[in-house]
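Enquirer: Right, I'll just put the structure down here and ask away after.
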Amino acid sequence: MADQFECEPCMKRKRQSKATNWCLQCEELLCAECTASHRSMRKLQHCKIIEAKDIPLVTNMRIQSCKKHGGLLLKSFCVDHDVLCCPECVIENHKGGFCRNVMSIDQASNGFKTSHIFVELNKQIDHIIKSLNGLKNELSSNIENIELNTQKIKEEIANTKEALIRHIESLEKVILEELVQKKEAYLTQTKRSIKETGDILQLSQEHADAMDFVRINGSELQAFLLIHSSKESLTQIENRVAKLDGNSLQLHISFIRSSLEDSARDIGKLDFIETKRTKPFASSVLRHSQSFVGRKSLDISFVFLKELDLSPLSSSNRYTITSMAISDENELMLCDIKKSRIILFDTADIYRSYIKLTDKPWDIASLGHSSAVVSSRDVDSIHFIDLKNMSFIKSVKVQDSSKGAIATTDESILVGAEGKIHVLDHDGSEMKIITVPAEGTVSYICTPSVDSICFCDGSDETKCVTLDGEPVFKYQSPELEKTKTVTADNSGNIYIVGENSHNIHHLSRDGKFIDIVLSDHDKLYYPIAITFSKDNSKFYVACKYYDIRVFNVKKNIDL
1 MADQFECEPC
11 MKRKRQSKAT
21 NWCLQCEELL
31 CAECTASHRS
41 MRKLQHCKII
51 EAKDIPLVTN
61 MRIQSCKKHG
71 GLLLKSFCVD
81 HDVLCCPECV
91 IENHKGGFCR
101 NVMSIDQASN
111 GFKTSHIFVE
121 LNKQIDHIIK
131 SLNGLKNELS
141 SNIENIELNT
151 QKIKEEIANT
161 KEALIRHIES
171 LEKVILEELV
181 QKKEAYLTQT
191 KRSIKETGDI
201 LQLSQEHADA
211 MDFVRINGSE
221 LQAFLLIHSS
231 KESLTQIENR
241 VAKLDGNSLQ
251 LHISFIRSSL
261 EDSARDIGKL
271 DFIETKRTKP
281 FASSVLRHSQ
291 SFVGRKSLDI
301 SFVFLKELDL
311 SPLSSSNRYT
321 ITSMAISDEN
331 ELMLCDIKKS
341 RIILFDTADI
351 YRSYIKLTDK
361 PWDIASLGHS
371 SAVVSSRDVD
381 SIHFIDLKNM
391 SFIKSVKVQD
401 SSKGAIATTD
411 ESILVGAEGK
421 IHVLDHDGSE
431 MKIITVPAEG
441 TVSYICTPSV
451 DSICFCDGSD
461 ETKCVTLDGE
471 PVFKYQSPEL
481 EKTKTVTADN
491 SGNIYIVGEN
501 SHNIHHLSRD
511 GKFIDIVLSD
521 HDKLYYPIAI
531 TFSKDNSKFY
541 VACKYYDIRV
551 FNVKKNIDL
């Protein structure tokens with residue numbers, strides 16, 4: 001602290017001198033020369049002087065000035081409102097019939113160092129530090145266990161490989177890639193949590209040092225003022241610890257080996273189990289009048305319902321989903337490029353049938369009246385299909401539309417292309433072309449409102465334009481990696497998939513970030529496609545490694 005402040009008496013005499021000491025009674029920073037003068041004065045001989053470097057950084061023991069009334073000192077305390085007041089504050093807001101318990105801060109702080117709140121806040125800090133140390137140790141230990149489990153799994157995979165040496169090499173590559181990617185994702189998240197734990201621990205220790213200092217050296221008034229300057233910060237620290245603790249998961253990975261008879265299709269599978277900590281963080285004290293409690297508001301929540309039963313498709317995972325959508329009859333439609341087909345699940349999420357296509361499908365959208373339209377991965381055409389009769393209707397050529405998005409409105413079909421969006425009528429006749437600020441092919445589209453189009457183009461940005469192609473907003477976040485697809489709910493809220501960040505970002509219709517609705521904590525590993533049911537009561541997420549997770553969508557109220 002001595003390196004940060006000037007000697008206050010010297011400053012009054014327009015001299016510059018570094019402060020080396022602090023007088024607790026006079027509340028003044030002193031240089032060596034002024035310290036000697038201070039001690040030589042008879043009336044100041046009883047002052048307690050300490051070295052300035054010993055004062056903790058978060059210590060705030062001086063009487064503060066009122067920000068509202070021109071720097072008047074806050075020398076009064078209103079018990080009814082639990083607030084420090086200047087003389088003008090007392091006259092305006094704390095006098096007469098409003099407040100009956102206004103007193104000087106000398107009266108309010110009398111005996112404060114032995115008060116219940118001072119003792120409890122010391123316990124609160126000790127509890128936070130102890131919990132953080134425990135959490136840090138558990139996270140570090142779990143990293144070691146994950147490394148051991150990973151090595152064990154590699155050995156089991158290698159032993160299985162010996163029985164089917166040539167046939168399983170390609171399968172081994174796939175499963176090891178999944179293992180490493182999951183491991184790296186977990187280790188990255190856990191190391192990030194450990195770093196944040198260290199940051200909070202350092203801040204908590206600074207508060208602990210301040211408490212110890214005031215308890216040993218400070219006056220009752222200084223203890224009182226320190227508590228009032230620290231209470232909100234401590235509450236925020238505790239909230240951060242609770243959030244960090246709640247998000248910390250322990251991951252156990254095991255290898256489930258297939259029999260030799262089944263190894264012709266796959267050598268086994270990885271089982272990922274994430275569990276909450278057995279001793280979650282809980283606040284050490286009850287909330288009291290001198291603590292601040294924040295408010296949190298969430299619009300919706302996503303509650304895991306089930307995994308879609310994909311076993312009727314293929315026992316060997318021979319399908320690759322690129323997109324999905326909901327039909328006008330509320331049936332789930334999937335694009336499978338591996339087998340060039342559109343797969344249908346009925347309203348109860350039970351497999352119904354599939355439609356075989358001549359081209360590999362890329363994206364799909366409902367046209368209403370038991371029909372849908374599909375874009376292609378490899379050719380510049382879109383395909384019309386009959387969902388009722390499970391049959392192909394016709395194809396329409398659309399320039400540069402391979403790997404392009406497809407979406408529908410009440411009057412048109414929107415088809416993504418390189419740097420543009422084709423607007424067709426429901427028969428496939430082109431009405432106009434919208435030039436958009438895309439960095440490549442417009443690969444996924446949604447329409448959050450009747451006059452806007454939101455799209456992904458393979459870059460890190462998700463963009464929104466008007467129906468004339470004029471920019472409305474663009475969204476990018478360091479917590480959203482490899483933007484994959486985008487959709488909107490019935491209220492116009494926007495949802496963006498981050499494949500490599502394993503999460504889904506939730507935006508308002510004007511592009512403002514709201515929250516991350518789902519992440520790897522919800523077992524979203526490499527999500528690639530999303531869609532809502534027709535009434536928005538269910539949310540479907542397709543992941544890269546063959547699973548489709550279904551969530552119930554619930555409206556929330558303010559908490």
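Anchor point for the sequence shown: position 108 equals 108 in the UniProt record's numbering, and the numbering is continuous, going up by one each time. We put the beta carbon where it would ideally sit given N, CA and C, even for glycine. Bear in mind the structure is a predicted one, so any value in this text is a computation, not a measurement.
1) Within its chain, find whatever has a CB closer than 6 Å to the CB of G492; leave out the 5 residues flanking it on each side and keep chain order.
2) Name the one or two DSSP bridge partners that C99 has.
3) If we count the other Cβ atoms within 10 Å of its Cβ and call it buried at 16 or more, is E238 buried or exposed?
4) Which residue marks the beginning of the alpha helix (DSSP H) containing A210, and which one marks its end?
5) Going by DSSP, name the residue or residues bridged to G498.
6) Check for me: the alpha helix (DSSP H) holding F224 runs from which residue to which?
7) How many Å lie between N122 and T114 at the Cα?
8) Quick check on DSSP: helix, strand or coil for M41?
9) Take Q151 as the anchor and find which of A542, S140, F112 and I253 has the nearest alpha-carbon.
10) Going by DSSP, what residue range makes up the alpha helix (DSSP H) through E8?
11) On the DSSP letters alone, give me the boundaries of the beta strand (DSSP E) that D106 sits inside.
12) Here's the rule I'm using: 16 or more other beta-carbon atoms within 10 Å means buried, otherwise exposed. How should P471 be labelled?
13) I need the DSSP call for I393, collapsed to helix, strand or coil.
14) Pull up the DSSP beta-bridge partners for M324, would you.
15) Taking the continuous beta strand (DSSP E) assigned at N93, which residues delimit it?
16) Bridge partners of V374, per DSSP?
17) Along the beta strand (DSSP E) that carries Y351, what are the first and last residues, could you check?
18) Inspect the beta-carbon positions of L84 and L73 and report whether they are closer than 7 Å.
19) Excluding the 5 residues preceding and the 5 following G205 in the sequence, name in chain order all residues of the same chain whose CB lies nearer than 8 Å to its CB.
20) Using the Cα positions of I216 and D209, report the straight-line distance between them to the nearest angstrom.
21) Indicate the three-state DSSP secondary structure (helix, strand or coil) for H46 in the structure shown.
Expert: Short version:
1) Closer than 6 Å at the Cβ level, and outside the excluded window around G492, lie P448, S449 and R509.
2) DSSP, once it has assigned bridges, lists no residue as partnering C99.
3) buried
4) Membership of A210 in the alpha helix (DSSP H) is indicated by the continuous run E169 to N217.
5) T483 and N503
6) Looking at the DSSP string, the run of the alpha helix (DSSP H) that includes F224 is E220 to N247.
7) 11 Å
8) coil
9) It is I253 whose Cα lies nearest to the Cα of Q151.
10) Residues E8 to K12.
11) For D106, there is no enclosing beta strand (DSSP E); the residue is part of the alpha helix (DSSP H) that begins and ends at I105 to A108.
12) So P471 ends up on the exposed side.
13) strand
14) L334
15) It is not in any beta strand (DSSP E) - N93 instead sits in the alpha helix (DSSP H) that spans P87 to N93.
16) I364 and H383
17) Y351 to K356
18) no
19) As written in the sequence, residue 205 is Gln, which differs from the Gly given in the question. Within its own chain, the residues whose Cβ lies closer than 8 Å to the Cβ of Q205, once the five positions on either side in sequence are excluded, are I129, listed in chain order.
20) 11 Å
21) Reduced to three states, the DSSP call for H46 is coil.
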